[in-house]
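Numbering (my numbering), first residue to last: 184 to 314. Contents: one structure, followed by commentary.
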């Protein structure tokens with residue numbers, strides 16, 4: 184009986200070690216971007232937005248016939264947090280609010296540039312009274 188108990192205990196402990204060692208890494212956490220009134224940062228974000236996002240999301244993020252407006256209550260921080268923008272740029276997005284189709288990833292945009300773009304979009308949203 185002691186052998187059976189010891190074997191069971193050994194198996195349970197071994198299983199615990201395996202589970203612990205094979206734990207999946209957590210996805211990267213993206214920073215929350217503070218809304219700024221610093222016009223230098225806003226202008227940097229605006230330039231980066233124009234270069235990387237405007238074709239689909241329009242001037243001042245008002246949308247186009249091929250991409251949704253980001254200055255819209257759907258994209259307010261309580262519904263689409265800042266991390267959603269980081270993930271959209273790096274991974275793309277399946278269409279779920281609009282009928283524009285899926286968004287493809289935007290290669291070559293560094294996380295620090297995404298932060299400036301998000302800051303610009305949040306500034307536009309605040310200016311429009313969305314939050």
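For every residue, glycine included, the Cβ atom is placed at its ideal position computed from N, Cα and C.
query                                                                                                                                          : result
Distance check for residue 222 and residue 257, CA to CA, integer angstroms please.                                                            : 25 Å
Would you say the segment 244-256 touches the segment 303-313, given that touching needs at least three Cβ pairs under 8 Å?                    : yes
Have a look at residue 313 and residue 252 and give me their C-alpha separation to the nearest angstrom.                                       : 12 Å
Identify the residues that DSSP records as bridge partners of residue 286: which are they?                                                     : 276
Here's the rule I'm using: 16 or more other beta-carbon atoms within 10 Å means buried, otherwise exposed. How should residue 225 be labelled? : buried
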